[in-house]
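Sequential numbering of the sequence shown, starting at 1, is according to UniProt numbering. Glycine is no exception: its CB is placed at the ideal position from the N, C-alpha and C atoms. Reviewing the structure listed below.
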Amino acid sequence: MRILMVMTSHDQLGNTGRKTGFWLEEFAAPYFTFLDAGADITVASPRGGQPPLDPVSDTPEGQTDLTRRFKQDPGAQAVLANTRKLSQMKPAGFDAVFYPGGHGPMWDLAEDPDSVALIEAFYNAGKPVAAVCHAPGVLRHVTYNGEPIVKGKRVAGFTNSEEEAVGLTKVVPFLVEDELRRLGGLFEKAPDWQSFVVTDGRLVTGQNPASSKAGAEALLKLLKPAATRGIRLQRRTPSYWRVTFDLPPLNIFGPENIPQLNEIITAIETDPQVKVVVFDSAVEGFFLTHYNFFAPLEESTKIPPGATGLQALPDLLVRLSRAPVASIAMVRGRATGVGSELALASDMRFASRENAILSQWEVGAGLVPGGGPMARLPRLIGRGRALEVLLGADDISGDLAERYGYVNRSLTDAELDGFVDALARRIASFDKQAIAETKRLVNVASLPSDADIAPEWDAFLASVQRPASQSRIKILLDRGFHRPGDVENRLGYHVGRLNN
1 MRILMVMTSH DQLGNTGRKT GFWLEEFAAP YFTFLDAGAD ITVASPRGGQ
51 PPLDPVSDTP EGQTDLTRRF KQDPGAQAVL ANTRKLSQMK PAGFDAVFYP
101 GGHGPMWDLA EDPDSVALIE AFYNAGKPVA AVCHAPGVLR HVTYNGEPIV
151 KGKRVAGFTN SEEEAVGLTK VVPFLVEDEL RRLGGLFEKA PDWQSFVVTD
201 GRLVTGQNPA SSKAGAEALL KLLKPAATRG IRLQRRTPSY WRVTFDLPPL
251 NIFGPENIPQ LNEIITAIET DPQVKVVVFD SAVEGFFLTH YNFFAPLEES
301 TKIPPGATGL QALPDLLVRL SRAPVASIAM VRGRATGVGS ELALASDMRF
351 ASRENAILSQ WEVGAGLVPG GGPMARLPRL IGRGRALEVL LGADDISGDL
401 AERYGYVNRS LTDAELDGFV DALARRIASF DKQAIAETKR LVNVASLPSD
451 ADIAPEWDAF LASVQRPASQ SRIKILLDRG FHRPGDVENR LGYHVGRLNN
């Protein structure tokens, strides 16, 4: 569990000549709450280094157990003194972001384009965002689907009456309560100075310094279900396993998911009892989609080759094809890019007639697919149709996929689960040695060689680095790629309009 905390670098309280910065309790309470929960914490600020402390927050009467703990903890003090630069932070490396308050964030973080972009990237990736006290003000320029991120959401923050009580209503650049209301937030509050936190979806906001610990705890509650998310392995019986992709909101696959999938593929290869494994999805509308284009390229290139000597992703797919176990992809929703490639690497593919979409969309964005479809598709559907799928870069419905041979069958959505489960249980009732030997001999006759697969990943990495491809990906991202909405729902249509 990796949490990013973002601090202010601003130390001037308007034109008063007084100092400001972050509020001590609003850092210490969340920091130790996260630390005690086992989180890996990174602290960043716009300038890096030591963020300024609001001296008003460090009075004897303002101390709590956790601020006293901070003063006695040289390690925590060193973390705070050496914050990373905010501009260098990448959401792909974290599970959530937390903004402590104090008055400082109202001047710098609320207007910082790096902070705005960071929050949008976290939120668009389905990751929680939390802010307490004055820090909800950093949301003022953040948008989601073209609207203020707080619009229509229950939110909390430092209230007008609390600002009036500290005598700063004429000093601060805006009032947090008024600003959140102006943006369409459904502002809620408790009596002044009482702890009060609101969670709406993946957005957590707290009212005041007393809300700091509760705000951190609310964020942890959102992350705890994430511990069960990812790629889940369920052993329905010793011989029949399910692998479920649960990477909301879009089942995007990236380098961060490779270790988990590798662990599962290794278990499939080595378990003496498993005979059949079914791949499915827990995310409505998405079986498994494209690669994570927010992840820095070096996150992919630094992963060492796998057991086959191929690079990590093609290695996993080749090993799945060769495993002495029958593999079935049950495609409900979109299987685009990596999802299509995993389905092609599986032994059998069954699709929802109403809800399945398969696609190798990459050429439409100037990319070369990297997970083996050029080697696998022609063997399934013939050269001409393979080129139609790959170069057309369009969405293929479940029905058309069946006619082409892209999938074994398309079934009505109501029939799909029952059919796949019955087939899997039937196969699981047979002798494992007979299953493994029969599959091995079919593989000899039909699978591409490693030499056929290897160049595709290199070509993908090279294509990602071309300026023209990066320009097309940026256009897609600007239009809504990587977040829920029409671009992800109709990716084939949108890559066909990149030149418009």
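Straight across, the Cα-Cα distance linking Asp-452 with Ala-375 is about 6 Å. DSSP, reduced to helix, strand and coil, places Thr-244 within a strand of the structure shown. Nearest in C-alpha terms to Thr-266, of all of Tyr-291, Asp-200, Leu-367, Leu-233, is Leu-233. In the three-state reduction of the DSSP assignment, Tyr-99 falls in the strand class. Ala-92 sits close to Glu-256, with the two beta carbons spaced by under 8 Å. With contacts defined as CB atoms closer than 8 Å, Gln-260 and Gly-230 qualify as a contacting pair. The residue from Thr-270, Asp-315, Gly-339, Ala-351 with its alpha-carbon nearest to that of Pro-324 is Thr-270. Counting the other Cβ atoms within 10 Å of the Cβ of Arg-440 gives fewer than 16, which makes it exposed. Here the segment 362 to 375 makes contact with the segment 335 to 343; the two share three or more CB pairs at distances below 8 Å.
The Cβ-Cβ distance between Gly-62 and Pro-105 does not fall below 8 Å. In the DSSP annotation of this structure, Arg-47 is not part of any alpha helix (DSSP H), being labelled neither H nor E.
In the displayed model, Arg-68 falls within a helix according to three-state DSSP. Per the C-alpha coordinates, the member of Pro-55, Asp-200, His-482, Asn-251 positioned closest to Gly-152 is Asp-200. Annotation: the segment 370 to 432 contains the following complete segments of the alpha helix (DSSP H) (minimum length 4 residues), in chain order: 373 to 381, 383 to 392, 398 to 404, 413 to 428. Under the 10 Å beta carbon count, Gly-382 is surrounded by fewer than 16 other beta carbons and is classified as exposed. Each of Gly-392, Ala-393, Leu-391, Thr-412 was checked against the Cα of Asp-399, and the nearest Cα belongs to Thr-412.
Judged by DSSP in its simplified three-state form, Glu-298 adopts helix. Minimum Cα-Cα distance from Thr-16 among the listed residues Gly-167, Leu-498, His-290 corresponds to Gly-167.
Here DSSP, grouped into helix, strand and coil, assigns Val-166 to coil.
Between Val-442 and the set Ala-326, Pro-100, Asn-292, Lys-85, the nearest pair of CA atoms involves Ala-326.
In this chain, the beta strand (DSSP E) harbouring Leu-4 covers 2 to 6. By the criterion of at least three beta-carbon pairs nearer than 8 Å, the segment 306 to 313 is not in contact with the segment 352 to 361. For the pair Val-407 and Arg-349, the CB atoms are nearer than the 8 Å cut-off. Contact between Leu-491 and Asp-395 holds, with the beta-carbon distance rounding to 7 Å and staying under 8 Å.
Taking C-alpha positions only, Phe-279 is separated from Ser-410 by approximately 16 Å. Membership of Arg-322 in the alpha helix (DSSP H) is indicated by the continuous run 312 to 322.
The DSSP-derived three-state label of Thr-308 is coil. With distances taken between CA atoms, Thr-438 lies nearest to Lys-275 out of Lys-275, Phe-287, Val-171, Ile-252. Exclusion of the five residues before and after Val-283 leaves Phe-245, Asp-246, Leu-247, Pro-248, Pro-249, Leu-250, Asn-251, Gly-333 as the residues of its chain whose Cβ lies within less than 8 Å of its Cβ. Excluding five sequence positions before and after Phe-419, the CB atoms of its chain that fall closer than 6 Å to its own CB belong to Leu-411, given in chain order. In the DSSP assignment, Leu-203 falls outside any alpha helix (DSSP H) and within the unbroken beta strand (DSSP E) covering 203 to 206.
Taken atom to atom, the span from the alpha-carbon of Arg-202 to that of Arg-466 is near 35 Å.
The Cβ atoms of Phe-98 and Ala-216 sit closer than 8 Å to each other. The three-state reading of DSSP puts Gly-496 in coil, since its state is none of H, G, I, E or B. The segment 184 to 199 and the segment 1 to 12 do not touch, with fewer than 3 CB-CB distances between them shorter than 8 Å. Inclusion of Pro-30 and Pro-74 in the CB contact set at 8 Å is not warranted, their separation being larger than that value.
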